[in-house]
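In the working numbering, the protein residues as written are 719 to 771. Structure first, then comments.
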Ligand SMILES: [Zn+2]
């Protein structure tokens, strides 16, 4: 079983450039209907977060 640490997908805030592993505790998670869960940047509070590998 090979673990590829580099293949962890990361999320990037498109507003301030904050980068952290997707789904990690570094990100805030908020409930924002109609979306179930939205990832929010802890730095600038933007929800304009995109995934990057
Ligand atoms: Zn940000």
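Don't be surprised by glycine CBs; every beta carbon is placed ideally from N, CA and C. In this text, all values refer to a predicted model and were calculated from it rather than measured experimentally.
Neighbourhood of residue i by C-beta, 7 Å cutoff - its chain only, sequence neighbours within 5 removed
| i | result |
| --- | --- |
| residue 726 | 739 |
Reference residue i, options the options, closest by Cα
| i | options | result |
| --- | --- | --- |
| residue 736 | 761, 765, 770, 769 | 761 |
| residue 741 | 750, 756, 733 | 756 |
Nonlocal neighbours in the same chain, by C-beta distance under 8 Å from residue i, ignoring five residues either side
| i | result |
| --- | --- |
| residue 730 | 736, 737, 767, 768, 769, 770 |
Contact set for residue i: own chain, Cβ-Cβ below 6 Å, skip 5 residues either direction
| i | result |
| --- | --- |
| residue 733 | 762, 764, 766 |
Which residues are close to ligand 1, meaning CB closer than 5 Å to any heavy atom, in chain order? Neighbourhood of ligand 1, defined by CB distance below 5 Å to any of its heavy atoms: 731, 733, 734, 736, 759, 761, 762, 764, in chain order.
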